[in-house]
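For reference, the structure discussed in these notes is given below.
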Amino acid sequence: MDQPVISAINHYLEQLHREFAGLTEGEVASYIPELSHADPAWFGIAIATVDGHVYQVGDTRQGFTIQSASKPFVYGLALEEHGLDYVLNRVGVEPSGEAFNSISLEPGTGRPLNPMINAGAIATASMVQGDSDPARLAKVLGMFERFTGHPMKVDETVYLSERATGHRNRALAHLMHGFGIVEGNPEASLDLYFRQCSVVVNCRDLALLGACLANNGINPVTGVRALSEKHVPRVLSVMGSCGMYDYSGEWLYRIGMPAKSGVGGGLLAVLPGQLAIAVFSPPLDPRGNSCRGIAVCERISDDLKLHLFHPLRSTTASTIRVAYRANEVRSRRTRSPAQEAMLSQQGARVQVYELQGELAFGATESLLEAVGQEGDEPDFLVFDMRHVVNVDHAAGWLLIEFARIAHGQGRTVLFVGCDNKYPFQRRARKQWNGIDEAGVFALNDIDRALEWCENRLLERNGLAVDEMGRVSLARSALCAGLDAVHGEELERIGRRVEYRPNETVFRIGDAGDALFIVLHGELEAHIHGPHQEVTRLSTFIPGNYFGELPLASGGARTANVRAVTHATCIEVSYAALSEGLKVGLLSRMATDLARKLAGQARVQKVLG
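Using the numbering used here, the letters of the sequence shown correspond one by one to residues 35 to 642.
See below:
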């Protein structure tokens with residue numbers, strides 16, 4: 035899956051591409067004559083994740099020869115065909131600290147120090163099995179096909195150019211043949227090595243090659259196993275210690291990802307379990323590594339804190355705990371019938387994602403890709419972060435960049451439950467200067483966030499949020515089913531009560547001796563959590579009633595109720611009720627309770 039609809043990653047890669055396109059350092063390789071024809075302006079960047087998402091900018095479809103970036107993969111093929119002990123007896127795993135074409139052979143045995151230098155790669159190529167030279171080449175191409183997901187071919191012109199000028203490599207092959215490291219005809223092994231280096235790839239292919247390693251050997255796009263899981267750590271290990279030749283130590287120190295470069299201009303870096311970065315840019319530094327490739331990878335690692343040795347805590351199995359729209363789960367604010375009807379129709383414009391565990395780059399990228407693929411993109415996105423234990427630097431950057439882009443498109447993103455996530459908020463404010471004006475962190479309660487989004491929808495559709503109006507006692511919900519005699523009795527025994535804003539009506543534990551019918555204003559039932567946080571249970575608007583439970587069950591109050599605005603209620607003492615009126619009220623309450631329970635069951639089904 036390439037290029038999600040809304041992508042903070044693509045936006046970021048486009049910025050990097052614009053910035054580093056002006057980097058003019060380095061020279062195109064010329065020791066292989068055909069490579070000198072490459073355009074130094076070619077420049078592509080691709081990121082492939084373990085979820086199979088590919089992000090790319092620039093010249094990512096431009097073909098080039100893989101060159102030394104082929105070495106880790108042919109080494110993996112040799113491990114699969116012969117096993118670890120056999121391969122280790124012929125090729126070591128120690129860094130040489132020297133250039134890629136150095137004659138780094140172990141004294142006495144002639145064993146190359148590692149499979150990433152030319153000597154080790156030639157020895158590795160000699161281990162590919164087959165009845166004939168074409169069969170061995172077919173095996174190598176088939177291996178690359180499993181990694182990239184499509185048939186591969188050799189650039190014959192580059193191959194012939196390499197063969198004609200590869201005198202140093204030819205000397206290495208014959209020297210190792212003398213030591214018994216390269217068995218059989220050394221020219222045949224050398225020919226296969228030249229051909230594997232001349233395999234044509236593009237930047238996207240290179241990213242997928244790395245993504246297979248990041249994904250324990252499985253191609254994340256096709257699902258095909260490209261390399262046995264047990265060999266993946268071994269391949270990544272030699273990439274980490276030897277993949278960048280005499281720059282490997284500084285590379286691992288600065289960028290912190292196993293990597294491999296090729297003199298064709300390709301550079302591949304792998305972050306196990308998360309992603310692979312590929313850069314294509316032909317101008318090389320004196321060590322044979324792409325100048326733009328190094329600069330881009332260093333910037334990505336630094337910006338997103340993707341260093342391999344940046345520790346991550348354990349994560350839950352899934353980032354998304356539950357997802358729902360506001361027409362499925364609503365806020366606890368009571369609405370008028372007209373408002374209810376509109377929100378039932380338009381509530382799908384609000385999408386809520388309840389997240390969990392630790393957010394790292396891979397999981398967050400997958401989450402945002404899923405959001406971007408929504409068929410009907412919502413106007414409001416709410417990320418409930420209450421169950422998130424940590425947001426790492428890269429994940430936080432992705433989330434805020436996504437919110438910033440969405441804000442520029444006229445959409446709203448809210449992060450709820452972030453009061454205790456100080457590093458995330460601090461980094462977010464550095465990243466996006468206008469984040470506070472956008473109100474991204476303004477709400478810390480999912481119920482209030484839903485209410486805020488509902489209010490915006492109501493306003494868009496011309497329905498005033500705060501026009502509660504007044505109702506008479508006879509038009510209240512509780513009196514709708516009463517006969518005239520009982521209605522008159524209720525009017526007679528009810529006592530009119532006024533409440534100021536924030537005034538308490540009753541508290542948990544108070545005696546349950548009356549019910550209340552709202553004529554005007556707004557009141558709220560709530561409880562306090564273990565840390566004294568306020569959780570709203572319900573709101574009451576004109577026509578609603580509350581405090582009725584003790585009438586049926588007895589006992590004390592189980593919630594606190596306070597006035598939100600100036601409010602007028604009718605207080606009805608239980609002691610003043612006749613038996614007939616009491617039965618009538620209980621019947622009406624039972625009908626309302628059945629309706630509420632049915633609604634709660636629908637919500638519970640959504641929330642799981």
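We put the beta carbon where it would ideally sit given N, CA and C, even for glycine.
Nonlocal neighbours in the same chain, by C-beta distance under 6 Å from residue i, ignoring five residues either side
i	result
S510	I551 and G577
A351	At A351, the pLDDT of 45 sits below 50, so the modelled position is not reliable; the number obtained from the coordinates is stated separately. Contacts found: none.
R95	N236
T182	D239 and L242
G581	L549 and F550
F213	G144
L516	G618
I434	A462, Q465 and W466
Whole-angstrom C-beta distance between residue j and residue i, which should lie under 8 Å
i	j	result
G290	F98	Their Cβ separation, rounded to whole angstroms, is 26 Å, which puts G290 and F98 out of contact at 8 Å.
C487	F414	4 Å
D93	G78	4 Å
L113	H265	5 Å
F475	Q459	6 Å
E103	G296	Looking at the sequence itself, residue 103 is Ala, so the reference to Glu does not match. The pair is a contact, with the Cβ atoms about 4 Å apart (cut-off 8 Å).
Residue range of the beta strand (DSSP E) that includes residue i
i	result
D418	F414 to V425
I79	G78 to T83
R529	R529 to Y533
L714	Within the shown structure, residues of the chain are numbered from 35 to 642, placing residue 714 beyond reach of any answer.
E558	L557 to H562
S295	A293 to S295
A310	L309 to F314
N594	N594 to A597
Q90	V88 to G92
Contact test: residue i Cβ vs the ligand GTP heavy atom, cutoff 7 Å
i	result
P316	For the ligand GTP, the structure offers nothing, since it holds no ligand at all.
Cut-off 8 Å between Cβ atoms - residues of its own chain near residue i, not counting five sequence neighbours on either side
i	result
S400	T83, D85, H87 and T353
A593	I542, A559, H560, I561 and L571
A429	L393, A394, F395, A397 and T398
R288	E332 and S335
T199	Y65, I66 and P67
A260	M177, R180, F181, C246, G251, I252 and N253
A586	L620 and M623
R463	I469 and D470
Exposed unless 16 or more other CB atoms sit within 10 angstroms - verdict on residue i
i	result
D225	buried
L47	buried
Y120	exposed
S348	Because the pLDDT at S348 is just 42, under 50, the model does not fix this residue reliably, and the value given afterwards should be weighed accordingly. S348 should be labelled exposed.
H520	buried
K455	buried
Q101	buried
N253	buried
K105	buried
E523	buried
L340	buried
P141	exposed
A312	buried
G244	buried
D165	exposed
T538	exposed
H6	It is not possible to answer for residue 6, since the shown part of the chain is limited to 35 through 642.
T368	buried
Residue i, enclosing alpha helix (DSSP H) - first and last residue
i	result
E190	E190 to T199
I551	Careful: I551 lies outside any alpha helix (DSSP H), inside the beta strand (DSSP E) at A548 to H554.
C237	C237 to A248
L611	Careful: L611 lies outside any alpha helix (DSSP H) and carries neither H nor E.
F107	K105 to H116
F181	D167 to T182
I480	I480 to R494
R288	S282 to R288
S275	V266 to C276
G391	Where G391 is concerned, there is no enclosing alpha helix (DSSP H), although the beta strand (DSSP E) it sits in stretches over V384 to L393.
L139	Premise fails: L139 is in no alpha helix (DSSP H) and is neither H nor E.
Other residues of its chain near residue i: CB distance less than 7 Å, five sequence neighbours each side excluded
i	result
H116	M161
V568	H560 and H562
L497	A372, Q373 and M376
N536	R596 and A597
P220	A207, H208 and H211
A601	Y533, V552, H554, G555, E556 and L557
Legend entry - Three CB pairs or more closer than 8 Å across the stretch 463-481 and the stretch 553-561: no
Inset, instruction - Check whether the stretch 316-329 touches the stretch 57-68, taking contact to mean three or more Cβ pairs, one atom from each stretch, closer than 8 Å. - result: In short, these stretches touch, since the Cβ pair count reaches three.
Inset, instruction - Tell me, please, whether the stretch 354-364 touches the stretch 446-461 by the rule of three or more beta-carbon pairs shorter than 8 Å. - result: no
Inset, instruction - May I ask you to verify whether the stretch 149-159 touches the stretch 215-234, counting CB pairs closer than 8 Å and requiring at least 3? - result: yes
Legend entry - Contact between the stretch 244-262 and the stretch 191-198 (3+ Cβ pairs under 8 Å): no
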